[in-house]
Amino acid sequence: MKHALPVRLSLSVLVAAQTLVSAAHAQDDTTKLQTVVVTGTRSVDRSQSSSLSPIDVVSAQDLQSFGDTQLGAILSRLAPSLNFPRAPGNDGSGIVRPAALRGLSPDQTLVLVNGKRWHTSALLNLQGALGRGSAPADLNAIPVSAIDHIEILRDGASAQYGSDAIAGVINVVLKGAAGTGTNTASITAGRYSAGDGRQWQGEASLGVPLGGDKGWARLSLVQGHADATNRGGRDYRDPSSPVYGQRTQRIGEPDIRNHQALLNVQYALSAGVDAYAFASTSSREGTSPALFRTYDSARNVRSIYPEGYLPLNDVRSIDSALVAGVRGTTTHGWRWDISGNYGRDRVGIDPIHTLNVDLGDASPTRFNAGRLTATQKAFDVDVARDLEVGWLRNPLTLAFGLEYLHQQYAIDAGDPSSYLGTGAQGFPGFQPGDAGSHARHDVAGYLSLENQITDKLSGSLAVRHEHYSDFGNTTSGTLSARYDFTDAFALRGTAATGFRAPSLPQQFYTTTSTNVIGGVPTQIRNFAVSDPVARALGAEPLKPEKSHNYTLGAVYAPGAWTLSLDLYQITIGNRVVPSENLVGDAVRAYLDSQGFAHIQGGSYFTNALKTRTRGVDLSSGYRLDLGDAGRLQFTAAYNRNHTSILSVAPNPASLAQNGLELVRVGHIAQGYITRGAPRDKIALGTDYGRGRWNLHGALTRYGEFTVNQDPVGNPGFDQVFPARWLLDLSASYATHGWTFTAGVDNLTNVYPQKYKTGSDGAVGGTWPYPDYSPFGYSGRYLYTRVAYRW
237 MKHALPVRLS LSVLVAAQTL VSAAHAQDDT TKLQTVVVTG TRSVDRSQSS
287 SLSPIDVVSA QDLQSFGDTQ LGAILSRLAP SLNFPRAPGN DGSGIVRPAA
337 LRGLSPDQTL VLVNGKRWHT SALLNLQGAL GRGSAPADLN AIPVSAIDHI
387 EILRDGASAQ YGSDAIAGVI NVVLKGAAGT GTNTASITAG RYSAGDGRQW
437 QGEASLGVPL GGDKGWARLS LVQGHADATN RGGRDYRDPS SPVYGQRTQR
487 IGEPDIRNHQ ALLNVQYALS AGVDAYAFAS TSSREGTSPA LFRTYDSARN
537 VRSIYPEGYL PLNDVRSIDS ALVAGVRGTT THGWRWDISG NYGRDRVGID
587 PIHTLNVDLG DASPTRFNAG RLTATQKAFD VDVARDLEVG WLRNPLTLAF
637 GLEYLHQQYA IDAGDPSSYL GTGAQGFPGF QPGDAGSHAR HDVAGYLSLE
687 NQITDKLSGS LAVRHEHYSD FGNTTSGTLS ARYDFTDAFA LRGTAATGFR
737 APSLPQQFYT TTSTNVIGGV PTQIRNFAVS DPVARALGAE PLKPEKSHNY
787 TLGAVYAPGA WTLSLDLYQI TIGNRVVPSE NLVGDAVRAY LDSQGFAHIQ
837 GGSYFTNALK TRTRGVDLSS GYRLDLGDAG RLQFTAAYNR NHTSILSVAP
887 NPASLAQNGL ELVRVGHIAQ GYITRGAPRD KIALGTDYGR GRWNLHGALT
937 RYGEFTVNQD PVGNPGFDQV FPARWLLDLS ASYATHGWTF TAGVDNLTNV
987 YPQKYKTGSD GAVGGTWPYP DYSPFGYSGR YLYTRVAYRW
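Just remember that our numbering sits 236 ahead of the position in the sequence shown, which is counted from 1.
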């Protein structure tokens, strides 16, 4: 450790979208804009270009435009509003990486697969990573080979989809159908120009018909391996060290072994009634480094590691999901969908190449630190129909439905050797007192109306009411409108309220670690908010985050050129964040007076902040047909946003009465929220095709970001990291079903600026680059890909 909705879709909507997009994903952006979208609407004929809210459509072909094989990393290149930091050594965050929209927390973006709520990860990001305190859905658990396209709704959508959709929605639409030309297989291999980080990934997607033309089954597979990269600096901290001048710290891309499979099935039970299901499994394992322990450190046993050691965490994420349902259309035009949804994520973080100093020479060097498990079960009933209303010129789309959602979170204790005393270095195991299983349920109902009111004006209204067993009731609403002044120009806008239910990990995650504070080893405990010690320190039952979202945009699409501009503001109250470590002599004396002797302090989650995020999204595309000379396509996109903290909740009166002043959210943690993500991002793309050849280029600018480093808030210790441009190039040749690709990501070998000399984050120069660089710091990556379609 470095630092102490489900979418309610009817059968006809989803099938229409899958069919149309499957036929169109390889075509130009102009065609894409006419593709039916299913995210943010329950109408059966709403296209990307006529949408009431901004939507990005990313095709399967787009996902193959880069050498990177991580879904989150690819999307961050294609969608400027999406951020995918590459934290290298923050417990499991380097293996289970979060993605975030519009500069907000990763758990404020809802992830769907085929319109069904995807379960969240069991891993809670706590140790200094961007998105600190979040346990979002794991995008990288979804096989890339299974994806037909992805729709990114850049707007608050809690009234349509429930909790977590404050920043927007990422809906992954799976490949379906079977037949000639739908089967694919590919293998990608590459390495970094520094000579490390070799990796390969094989993918396949195979479809077969069922019952003649009654249905299909499609199996998608992914298997890959990536070696670690290391950009750690040389260790010059102690001239007497036997490893003086060597690279003792490992930072960079983790080593990862990845195995994934997804089966997607649809079968016609009768005319107008289909059964459908998809099931997935994913296993991902890698090692995440902690800080190097020097040979003479109090955290070393020299008989075991005479030269010091680098603790590693063996991180395993095993993810599985099953969704099954029946949907259809009645003779009177009612579209209905009944489904069940199960998802489970299990994460283990086992310290290896380490020790427990309190066990001395007898300490093992590998530990079972326990397991984290998150489970989701859902049952949904959704109904929609286009109604003829006499005083309306066009049919009114009415949709309504119910959802039952059950969530569970469990912590299993580790072996005693992993937590006794100070515990295993790098990641102390979960203690029996940490272990437990916690659950809650939610019952929700929604109603939405959508109508093309006139030839130029369209609008929608949605309202949703939820009852959670742990915090009670909440209601959200959305009102959207669009006015087409001409066939080429339109204005659109949305006003919405939203919410995010505090996650079970935020309420119940409990662990103990030892941090060096003021030169003194101090045992720090992250308390559940219901823990009596946490209550003594001011913890209160968590409330849902509440948001107010406003978006105003314009769309201009004259022929082959498309342009959209959207301004947005998102205000979030009761924002859930981890508190600072509440420690010190005054804290210990206070806890002792409350009957909690021998407890040195700790942290807990709290509804401490009110924030406001303002930003702008710009997207443009142009296609030029050069006749016999080929075709040329340009894309450009821009996002800029800024989050400010409007208020910090005051300390509880009971603490002030006892003369105890605590900092709930300090300068460093506030920096993660307000300045940790790039201030802006530009994505420029060019594709040129002629005959069998295709050339692709992408130029991405990651704006400046800041690392706050002084806990007491001295801005002189903060460091601003300047913007960087990255250039990606590739060339492909296609013949007889085969496609051969060679490419390079980050052609000019760009790295982020290093930490200042003497910076706390640099750890004596052994950790030269900032933790959450938006593009990592491994440099130029060269790759080849061979694909076959039949």
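C-beta atoms are modelled at their ideal positions from N, C-alpha and C, and glycine is treated no differently.
Judging by CA-CA distance, which residue of the options is the nearest neighbour of residue i?
| i | options | result |
| --- | --- | --- |
| residue 658 | 629, 703, 748 and 565 | 748 |
| residue 670 | 794, 746, 644 and 664 | 746 |
| residue 551 | 737, 327, 1007 and 891 | 327 |
| residue 648 | 666, 979, 638 and 394 | 666 |
| residue 918 | 309, 637 and 315 | 315 |
| residue 621 | 1021, 724, 1006 and 683 | 683 |
| residue 644 | 634, 705 and 651 | 705 |
| residue 497 | 459, 275 and 334 | 459 |
| residue 619 | 575, 589, 660 and 661 | 575 |
| residue 660 | 848, 939 and 535 | 535 |
| residue 932 | 532, 938, 348 and 966 | 966 |
Opposite residue i in the DSSP bridges: which residues?
| i | result |
| --- | --- |
| residue 674 | 645 |
| residue 692 | Note: residue 692 sits in no beta bridge, so no partner. |
| residue 637 | 618 and 682 |
| residue 387 | 293 and 407 |
| residue 687 | 632 and 695 |
| residue 782 | 735 and 809 |
| residue 938 | 917 and 960 |
Given a cut-off of 8 angstroms, decide if residue j and residue i are closer than it, judged by their beta-carbon atoms.
| i | j | result |
| --- | --- | --- |
| residue 392 | residue 783 | yes |
| residue 449 | residue 410 | no |
| residue 623 | residue 631 | yes |
| residue 490 | residue 511 | no |
| residue 882 | residue 790 | no |
| residue 1017 | residue 986 | no |
| residue 582 | residue 331 | no |
| residue 376 | residue 307 | yes |
| residue 355 | residue 557 | yes |
| residue 400 | residue 345 | yes |
| residue 374 | residue 599 | no |
| residue 547 | residue 486 | no |
| residue 402 | residue 895 | no |
| residue 997 | residue 942 | no |
| residue 1010 | residue 914 | yes |
| residue 851 | residue 786 | no |
Could you give the DSSP three-state label for residue i: helix, strand or coil?
| i | result |
| --- | --- |
| residue 726 | strand |
| residue 923 | strand |
| residue 630 | coil |
| residue 608 | strand |
| residue 267 | Confidence at residue 267 is low in this model, with a pLDDT of 45, below 50, so the placement of that residue should be treated as unreliable; the coordinate-derived value is given next. Three-state result, residue 267: helix. |
| residue 531 | coil |
| residue 587 | strand |
| residue 547 | coil |
| residue 910 | helix |
| residue 501 | strand |
| residue 932 | strand |
| residue 1012 | coil |
| residue 370 | coil |
| residue 380 | helix |
| residue 342 | helix |
| residue 218 | The question about residue 218 has no answer here: the residues shown for the chain are numbered 237 through 1026. |
| residue 598 | helix |
At the level of alpha carbons, what is the spacing between residue i and residue j?
| i | j | result |
| --- | --- | --- |
| residue 759 | residue 441 | 50 angstroms |
| residue 517 | residue 795 | 43 angstroms |
| residue 686 | residue 288 | 10 angstroms |
| residue 681 | residue 700 | 6 angstroms |
| residue 341 | residue 855 | 23 angstroms |
| residue 612 | residue 688 | 37 angstroms |
| residue 662 | residue 538 | 17 angstroms |
| residue 596 | residue 604 | 18 angstroms |
| residue 389 | residue 381 | 22 angstroms |
| residue 257 | residue 295 | Low local confidence applies: a pLDDT of 33 at residue 257 is under 50, so the model's placement there is unreliable, with the coordinate-based value given in what follows. Roughly 8 angstroms between the two C-alpha positions. |
| residue 312 | residue 934 | 12 angstroms |
| residue 773 | residue 837 | 9 angstroms |
| residue 495 | residue 625 | 52 angstroms |
Of all Cβ atoms in chain C, is any one closer than 8 angstroms to the Cβ of residue i?
| i | result |
| --- | --- |
| residue 582 | Given the protein chain composition of this structure (a single chain), no chain C is represented. |
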